[in-house]
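Chemist: Sequential numbering of the first sequence, starting at 35, is according to this note's numbering.
The beta carbon of each residue, even a glycine, is placed where N, CA and C say it ideally should be.
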Amino acid sequence: MNDEIRVRIAPSPTGYLHIGTAHTALFNWLFARQKNGKFILRIEDTDTERSKEEFVTDITDGLSWLGIDWDEGPERNEPFGPYKQSDRLQIYQDYAEKLLKENKAYYCYCTAEELIKEREVQEQKKLAPKYSGKCRNLTNEQVKKCQAEGRKPTIRFIVEPKKIAFTDLVKGDIEFDTSLFGDFVIMKSDGRPVFLFAGAIDDFMMKISHVIRGEDHLSNTPRQILLGEALNFFVPEYGHLPLILNPDRTKLSKRKNPTSINKDFRNTGYLPEAMINFIAIMGWSAKNDQELWTLKDLINEFNFRDVGKSPAVFDGQKLNYLNGYYIRKMSVGELSKAAEPFLQKAGLSDGKDKLLSALSLVQERVKKLSDIPELIEFFFKNPEFSQDLLIMKNSTKEKIKIALEESYKHLFEESDFGRDSLEQLLRAVAAKNNLKAGEVLWPLRVALTGKEASPGAFEVLECLGKEESLKRIKKSIDMLK
RNA sequence: GGCGCCAUCGUCUAGUGGCCUAGGACGCAGGAUUCUCAUUCCUGUAACACGGGUUCGACUCCCGUUGGCGCUACCA
């Protein structure tokens, strides 16, 4: 093998891009980019029942959105493609044939029912369920009989009892005893490979130097090493990343948590920057306590030595915090661009110039882009609210009425609608009428926004402009009559 | 059941035998600012799963227990 770093992410398109897949994708990608290696996307679609083209699209779209690009993948077959396992079936069959010829594998005619029964018996006897190997030495007559019955065979790999040891990049030294395994299936009766087999072959043919994947594959590793030895493959480095868990500490699942990068995060207003940062600090941490990371900085700082061994519970609150943080850091222009699809959906896409100033007032309270329409709708529509909201607590209807009328009068005569001069003006109004600042500003703000919580009165006045502001204040005065 | 992995505040984590009275971040609570909310700042809250060793000394090393997760499929 050459010493170029080549890593891959190998999702099966039986579902959308999952946050766990994105997690291993990110760590692989970071490693490749840091080492000037290659990052490969391979689609493992040998489960024809459940694989769907739309999921392939979802996966590639999601990765691209996150900023994770790949050097080799399904859209181009060079140099070691195809990169879709369904296009590589002949390859797997040839390798299976080779194993068969070398007596390292055999046809197994056992039916599913027989196997289940066998397993049940073993379980009753408290034995480790493992295949008996009874088809290993079938006579020609037995084979003929099975074929006559129309049985379609699987191909099983002969497991030699031995110890398999390897050093995992994150877990350290690991050893398995293969005598506990039993001969396992490598080709299904429909002629398709099992993922274990296809994966081992593809990793070899695609010259994968480091197999970095979820910890759920750790127990599969010795089987793949066995396969590699039988086929004379070089052994790649292995690294198994800790899993992401639901709050109840079970393996992360969509039933208990949002998991779809596109549907649950992208489409509900999370930023790719926040997702990347969040995913990166689950299972990995820098020695200097830094928690805010851009993709670019991660490339330099990421290290397998600093990857933790224990699983991490998905924490939506931290994600929200990070998302808010990155939203606050955007320029208004960037924010408006990012918010566009959400505004369109809410029918607030007109009035571009007003939009920018409105967004800048609201930016610091946005947690998700999908919050934006509700936060800025009062800039576009007349607010609706009940009279009670106008009356600040600990004040009276009479006072509020005076406050609004006096404010109206002075605002009507004011030509400078900048926030600073407005502040001077309105504080003076309050003082002159023996009102607390709040007794003037609260009803004003409600009159303009119709909301209990909103940006400050001065900013809203400035943003709305004189004409619109006066119109709304007048309406509130009428409400109090 | 067998095999494997894992075990520090509620959560993400720092910690590689004395720097630990265990640090940071999110969350939560309180405070400052304030017309509300948010932002920002300050303060506080809260953990080494348990039991044995090893050692002058264990969060750190070893063993066991418990617990969690994964694999044990013609799913990946």
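One question on the structure: do A264 and L134 come within less than 8 Å of each other, judged by their Cβ atoms?
Modeler: Their beta carbons are not under 8 Å apart, which means A264 does not touch L134 by this criterion.
Chemist: Which one or two residues does DSSP pair with C142 in a beta bridge?
Modeler: Answer is T188, bridged to C142.
Chemist: Below 8 Å on the Cβ atoms is my contact criterion, and I expect C169 with Y129 to pass it. Report the Cβ-Cβ distance as a whole number of Å.
Modeler: Not confirmed; about 20 Å, so no contact.
Chemist: Check for me: the beta strand (DSSP E) holding Y272 runs from which residue to which?
Modeler: Counting along the chain, the beta strand (DSSP E) containing Y272 begins and ends at E271 to L275.
Chemist: On the DSSP bridge assignment, give the partners of P227 in chain order.
Modeler: Answer by DSSP bridge pairing, in chain order: M221.
Chemist: Among all the DSSP beta bridges, which residues are the ones paired with V341?
Modeler: Answer is W318, bridged to V341.
Chemist: If you follow the beta strand (DSSP E) that E209 is part of, which residue opens it and which one closes it?
Modeler: Its beta strand (DSSP E) spans residues G206 to D211.
Chemist: What's the C-alpha gap between M35 and M239?
Modeler: For M35, the pLDDT reaches just 49, beneath the cut-off of 50, and the residue's location in the model is therefore unreliable, leaving the point undetermined.
Chemist: Alpha carbon to alpha carbon, what distance is there between E307 and L329?
Modeler: Answer to the nearest angstrom: the Cα atoms are 8 Å apart.
Chemist: Consult DSSP for D29 and reduce its assignment to one of helix, strand or coil.
Modeler: Within the shown structure, residues of the chain are numbered from 35 to 515, placing residue 29 beyond reach of any answer.
Chemist: Run the CB neighbour count on H52, radius 10 Å, all protein chains shown included, and call it buried at 16 or more, exposed below.
Modeler: The residue is buried, with at least 16 neighbouring Cβ atoms inside 10 Å.
Chemist: For L172, tell me which candidate among S370, C142, F492 and Y442 has the shortest Cα-Cα distance.
Modeler: That would be C142, whose Cα lies nearest to the Cα of L172.
Chemist: For R40, is the classification buried or exposed, using 16 other Cβ atoms within 10 angstroms of its Cβ as the cut-off for buried?
Modeler: When all chains shown are included, R40 counts as buried.
Chemist: Quick one: using the 10 Å Cβ neighbour count with 16 as the cut-off for buried, is A146 buried or exposed?
Modeler: Answer is exposed; the Cβ neighbour count stays below 16.
Chemist: If I follow the unbroken alpha helix (DSSP H) through H251, where does it start and stop?
Modeler: Premise fails: H251 is in no alpha helix (DSSP H) and is neither H nor E.
Chemist: Just tell me which of A162, I315, Q158 and Q119 has its CA closest to the CA of W327.
Modeler: Selected option, being the one with the closest Cα: I315.
Chemist: What's the gap between the Cα of L269 and the Cα of P187?
Modeler: It should be noted that the sequence gives Val, not Leu, for residue 269. One C-alpha to the other measures close to 29 Å.
Chemist: Quick one: Cα of F210 to Cα of Y272, how far?
Modeler: Rounded to the nearest angstrom, the two C-alpha atoms are 14 Å apart.
Chemist: State buried or exposed for L214, treating a residue as buried only when at least 16 other CB atoms are found within 10 Å of its CB.
Modeler: Per the 10 Å Cβ criterion, exposed.
Chemist: Does the separation of the CB atoms of F61 and I246 fall below 8 Å?
Modeler: For F61 and I246, yes; Cβs fall inside 8 Å.
Chemist: Identify which residue in I313, P256, K297 and T302 has its Cα closest to the Cα of P276.
Modeler: The candidate whose alpha carbon is nearest that of P276 is I313.
Chemist: How big is the Cα-Cα spacing for N467 and I511?
Modeler: Cα to Cα, the separation comes out at about 17 Å.
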